[in-house]
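Peer 1:
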Ligand SMILES: [Zn+2]
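Numbering (my numbering), first residue to last: 1169 to 1481.
(1) Short check: CB of residue 1287 to CB of residue 1246, under 8 Å?
(2) Does residue 1194 pass the burial test, meaning 16 or more other C-beta atoms within 10 Å, or should it be called exposed?
(3) Go through its chain and collect everything with a Cβ distance to residue 1372's Cβ below 7 Å, but skip five positions before and after it.
(4) Taking Cβ positions, are residue 1251 and residue 1185 nearer each other than 8 Å?
(5) Touch check for the stretch 1379-1394 and the stretch 1422-1440: three-plus C-beta pairs under 8 Å?
(6) Give me the residue from 1481, 1456, 1425, 1461 with the minimum Cα distance to residue 1471.
(7) Using only CA atoms, which one of 1452, 1478, 1411, 1355 lies nearest to residue 1192?
(8) How far does the beta strand (DSSP E) with residue 1206 in it reach, from first residue to last?
(9) Within the continuous beta strand (DSSP E) that includes residue 1400, where are the two ends?
(10) What do you reckon, is the C-beta of residue 1393 under 7 Å from a heavy atom of ligand 1?
(11) In terms of residues, what are the limits of the alpha helix (DSSP H) holding residue 1406?
(12) Helix, strand or coil: how does DSSP classify residue 1393 here?
(13) Below 8 Å on the Cβ atoms is my contact criterion, and I expect residue 1235 with residue 1258 to pass it. Report the Cβ-Cβ distance as a whole number of Å.
(14) Name the DSSP bridge partner or partners of residue 1353?
(15) Looking only at DSSP bridge pairs, what is residue 1342 linked to?
(16) Using DSSP with H/G/I as helix, E/B as strand and the rest coil, what is residue 1470?
(17) Spatial neighbours of residue 1196 within its chain, please: CB distance less than 8 Å, with the 5 preceding and 5 following residues excluded, ordered by chain position.
(18) Taking just the CA atoms, how far does residue 1456 sit from residue 1363?
(19) Report yes if the CB atom of residue 1237 is closer than 8 Å to the CB atom of residue 1261, and no otherwise.
In structure tokens form, the structure reads like this:
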């Protein structure tokens, strides 16, 4: 296969996992000398693209030291079980709350099928393969790992999910942010910059914790965020403010819809209007049908996650 990847500065490559569509789900490859690491893997079906990227860049599979997982949602970690079969020297790093789900993914599988349905799981996510315990290391807050001459540091980042870590790369002053620094599709870039909003995915969305996490990450004074959805962006104080404002906006919609008879539908409709409004304010020129198409997947998942949060709080 012909993989699609974007070579960034500082020996970081953004690999398009081609899950659902192009420019939607990224995995990253970091290189330093003869050493390489993946950050996130996409889903099970994304693994051929990751291996083809190694081949295209002449990186030996035995030179991959790490698979670093930001969290275990399947668009980030679903491919880890398959990928590690091809990487003889790689160790998986994941938050302590994620470890058991990698060793025995049956609960995770059931949860995902509960949200997306069996058909979607088979067709778009493929499978979920267990990883043996001895190949997994717990990523604790503040832990550092060495890749060649490069130091990568884990930061505990709850809010999007309790089992979320970000990875701080001092070399590029970049944060591999998984979903914690939001979703930002390149189609919505304008001369005002990037449009960023929060993926309020089920089942652990926690707005106040998330906002504290963002503040903590900004204290590192990052230059870049390596977003899973999608690609690297310059992440400024303004980016952080936009993300926080949109977390608040999403929460306000959820609370206002609390007593509606069809709460899920009401939240979803209002989220769409909200996103179309912020896109207009941002100067996005795409026609509305295209915007709706790009927002579609997030709307369903974000509305579900807000519903779960309302039930919990
Ligand atoms: Zn996620």
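C-beta atoms are modelled at their ideal positions from N, C-alpha and C, and glycine is treated no differently.
Peer 2: Taking the coordinates as given:
(1) Within the chain shown, residue 1287 is the residue found at index 119, counting from 1. Within the chain shown, residue 1246 is the residue found at index 78, counting from 1. Contact flag unset, no.
(2) Numbered from its first residue, the chain shown carries residue 1194 at position 26. Flag for residue 1194 reads buried.
(3) Residue numbering aside, residue 1372 sits at position 204 when the chain shown is read from its first letter. Contacts found: 1329, 1330.
(4) Translated into positions along the chain shown, residue 1251 becomes position 83. Translated into positions along the chain shown, residue 1185 becomes position 17. Going by C-beta atoms, residue 1251 is not nearer than 8 Å to residue 1185.
(5) no
(6) Within the chain shown, residue 1471 is the residue found at index 303, counting from 1. Minimum Cα distance to residue 1471 is reached at 1425.
(7) Taking the chain shown and counting its residues from 1, one reaches residue 1192 at position 24. Here the closest residue by C-alpha is 1355.
(8) In the chain shown, counting from the first residue as 1, residue 1206 sits at position 38. Segment 1203-1207, the beta strand (DSSP E) holding residue 1206.
(9) The residue given as residue 1400 occupies position 232 in the chain shown. Unbroken beta strand (DSSP E) run through residue 1400: 1399-1402.
(10) Counting from one through the chain shown, the residue named residue 1393 turns up at place 225. Flag unset: Cβ of residue 1393 not near ligand 1.
(11) Here residue 1406 refers to the residue found at position 238 when the chain shown is read from its first residue. Residue 1406 -> alpha helix (DSSP H) spans 1405-1424.
(12) Here the question's residue 1393 lines up with position 225 in the chain shown. Three-state DSSP puts residue 1393 in a strand.
(13) On the chain shown, residue 1235 is found 67 positions in, with the first residue counted as 1. On the chain shown, residue 1258 is found 90 positions in, with the first residue counted as 1. Right, the Cβ-Cβ distance comes to about 5 Å (below 8 Å), so this counts as a contact.
(14) On the chain shown, residue 1353 is found 185 positions in, with the first residue counted as 1. Residue 1353 is not bridged to any residue.
(15) Locating residue 1342 in the chain shown gives position 174, where the first residue counts as 1. Paired residues: 1337, 1392.
(16) Reading the chain shown from its first residue, position 302 is the one you call residue 1470. Three-state DSSP puts residue 1470 in a helix.
(17) Along the chain shown, read from residue 1 onward, the residue named residue 1196 stands at position 28. Closer than 8 Å at Cβ, skipping near neighbours: 1180, 1181, 1182, 1183, 1206, 1207, 1208, 1344, 1394.
(18) Working through the chain shown from its first residue, we reach residue 1363 at position 195. Working through the chain shown from its first residue, we reach residue 1456 at position 288. About 16 Å.
(19) Working through the chain shown from its first residue, we reach residue 1237 at position 69. Working through the chain shown from its first residue, we reach residue 1261 at position 93. Going by C-beta atoms, residue 1237 is nearer than 8 Å to residue 1261.
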